[in-house]
Amino acid sequence: MEAPRSDIDGAEIGGAGVGGAGAGIAARAERFFATRILPRHADWVAATQAGERMPAFVATLREEARAEGLWNLGIPPRAGSGGPGLSNRDFAPIAELTGRLPWASLVFNCHAPDLPNMIMLDALATPGQRERFLVPLLEGRAASAFAMTEPDVASSDATNIATTIRADGGDLVVSGRKWFITGAAAPDLSFHIVMGVTDPEAPRTARHSAVLVPADAPGIRVERTLRFLGWDDHVAPIGEIVFDEVRVPAANMLGEPGRGFDAAQVRLGPARLHHAFRCIGLAEMLLDLMKRRMRERTAFGRSLAEYDSVQQWIAEGRIGIDMSRHFLNHAAAELDANGFKASWRAISMAKVHVPRMLQEIADRALQLFGAAGGSDDHLIHHAFVYARMFRIADGPDEVHLRQIFRSEPVPEGALQDSGYVARRAAGHPNDNKTGRTQ
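Printed below as a string of structure tokens:
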């Protein structure tokens, strides 16, 4: 099969296995991206550098995308979202496409953290919660955050989360501090999904619950806006927040009490895949820039394209991208067919592998571009930071690797019992059967 195009000119995006309506929607999204979103990227950069969080033309693009049926593309069919109800596998090339620019997913209402939050609400919300919290997200009238990570504990072990959610009459009272919460510092934030302890005496994995907390509830304080490695998230600004005895109705409990981690898994599997596919889009963008750069620059009397090291960087980048895409497509198909509990291993392996691949390509792109690679003129620094952040966010590499190791089957018997070992220890019971002598 011919390698997917990476010159970002409106060509159909890669991803074998997507067919029917999914392929048609992906092609339409690609054309919309190439003709309406990409030409405005320089305007986006200029606006955000001038302090605008949401340039006015983005709202116009969102209206146009919605009018063309390119809206809520990552929401499952049961949500009643008005979207096409694509599977994770069919949404994969669109997630990859939107990954090429930091703000493209916003145009299609497929951006984090709102998209996985919508998936979570769709699966768990009561009718009243759907009307108040889910519908505004589906219609693009609201913004949300998922408040889990905390500064005072090792959040890589989610059972450490210490924010409390206690019952008081007909209310739930939330107290604690969260940080590096995507979207928490957005001025138009509508609500948080907060993870906290509801029963400290329960088994470790049954202590936590999820609760819906309006962003304007008394007692919520945004301490500061955070950046990661100097990078600002203009779509969903990252924040550190304090919940100081924040009261919400008991009806705002999302899912069953004590089942917070089960509730989080509903959003976590798709969220990891979406981020990973966006990494593929970023990697394709970087490879495109690198190929242009190598043709246009000379050093020591030779085109950069003539250097073996540059040729190898491009070739290895292509191998890494295509391998990662196949890896992710498999994980997405597993999630569609079997759900998160049966597909977590494939998702975790992809989650570890893909950002490493992107970080390596971004590092080579920085080397190829020199000082220009670290400027806002290019998205190389964004890709590098995104990759490095994703190696921590949604579970650090070490946690996933530990779980993958623990799920690896252990063969029975000692090493010398393996038929693959030719030399055995003296006195092995099989020696006489094979006629071997020591």
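Heads up: the sequence shown begins at -4 in our numbering, then just goes up one per residue. Glycine included, C-beta positions come from ideal geometry on N, C-alpha and C. These figures come from a predicted structure and were not determined experimentally.
Tell me whether the beta-carbon of residue i lies closer than 7 Å to the beta-carbon of residue j.
i, j, result
"A162", "I236", "no"
"A471", "A258", "With the chain covering only -4 through 433, there is no way to say anything about residue 471."
"A328", "R84", "yes"
"A246", "L184", "no"
"G253", "A201", "yes"
"R273", "A90", "yes"
"E196", "G214", "no"
"V243", "M115", "no"
"M113", "L132", "yes"
"A367", "L277", "no"
"A22", "L92", "no"
"H106", "A142", "no"
"L65", "F28", "no"
"A42", "P34", "no"
"V169", "I160", "yes"
"F175", "L221", "yes"
"T158", "S150", "no"
"I20", "P79", "yes"
"W226", "V380", "yes"
"M285", "L363", "yes"
"V347", "D389", "no"
"V217", "V189", "no"
"I156", "A99", "no"
"R359", "S402", "no"
Suppose the cutoff is 6 Å on Cβ atoms and the five residues either side in sequence are ignored; what does the same chain contact list for residue i look like?
i, result
"H270", "F385"
"T177", "P108, A231, I233"
"L361", "G368, I375"
"A120", "L129"
"G414", "none"
"A300", "M289, R290"
"V394", "S151"
"G312", "L282, I356"
"R219", "E235"
Let me know the secondary structure DSSP gives residue i once reduced to three states.
i, result
"R95", "coil"
"P244", "strand"
"V405", "coil"
"E63", "coil"
"G234", "strand"
"S139", "strand"
"L249", "strand"
"D85", "helix"
"D239", "strand"
"L68", "coil"
"F103", "coil"
"M49", "coil"
"D257", "helix"
"P122", "helix"
"P370", "The sequence given here has Ser at residue 370, not Pro. In the structure shown, S370 sits in coil (DSSP, three-state: anything other than H, G, I, E or B)."
"V418", "The residue asked about is misnamed: residue 418 is Arg in this sequence, not Val. Three-state result, R418: coil."
"D392", "helix"
"G264", "helix"
"I20", "helix"
"S1", "For S1, the predicted structure reports a pLDDT of 38, less than 50, and the residue's modelled location is therefore unreliable. The matter cannot be settled from this model."
"G315", "helix"
"G365", "helix"
"P79", "coil"
What span of residues does the alpha helix (DSSP H) with residue i cover, start to end?
i, result
"Q411", "No alpha helix (DSSP H) contains Q411, which DSSP labels as neither H nor E."
"A378", "375 to 385"
"L119", "109 to 119"
"A41", "36 to 44"
"P439", "What the structure shows of the chain is the stretch from -4 to 433, and residue 439 is not part of that stretch, so it cannot be assessed."
Counting only the same chain and skipping the five closest in sequence on each side, list residues whose C-beta sits under 7 Å from that of residue i.
i, result
"A382", "C274, P350, L353, Q354, A357"
"E17", "According to the sequence provided, residue 17 is Gly. The question's Glu does not apply to it. L81, D85."
"F256", "A153, T200, H203"
"A345", "A271, F322, L323, A326"
"R166", "Looking at the sequence provided, one finds Asp at residue 166 rather than Arg. If we look at D166 and ignore the five residues flanking it on each side, its Cβ neighbours are R242, V243, P244, A245."
"A310", "none"
Looking only at its own chain, which residues have a Cβ that is under 8 Å from the Cβ of residue i, when we skip the five neighbours before and after it?
i, result
"I342", "G264, R267, L268, A326, E329, L330, F335"
"G250", "L119, S204, A205, D257, A258"
In chain order, which alpha helix (DSSP H) runs of at least 4 residues are fully inside the stretch 201 to 228? The qualifying runs do not exist here; there are none.
Ignoring anything shorter than 4 residues, give me the alpha helix (DSSP H) runs that lie fully in the stretch 142 to 213, in order along the chain. Counting only runs of 4 or more, we get nothing.
4-residue-minimum alpha helix (DSSP H) runs that sit fully inside the stretch 273 to 306, ordered along the chain: Those alpha helix (DSSP H) runs which fall completely within the stretch 273 to 306 and span 4+ residues do not exist here.
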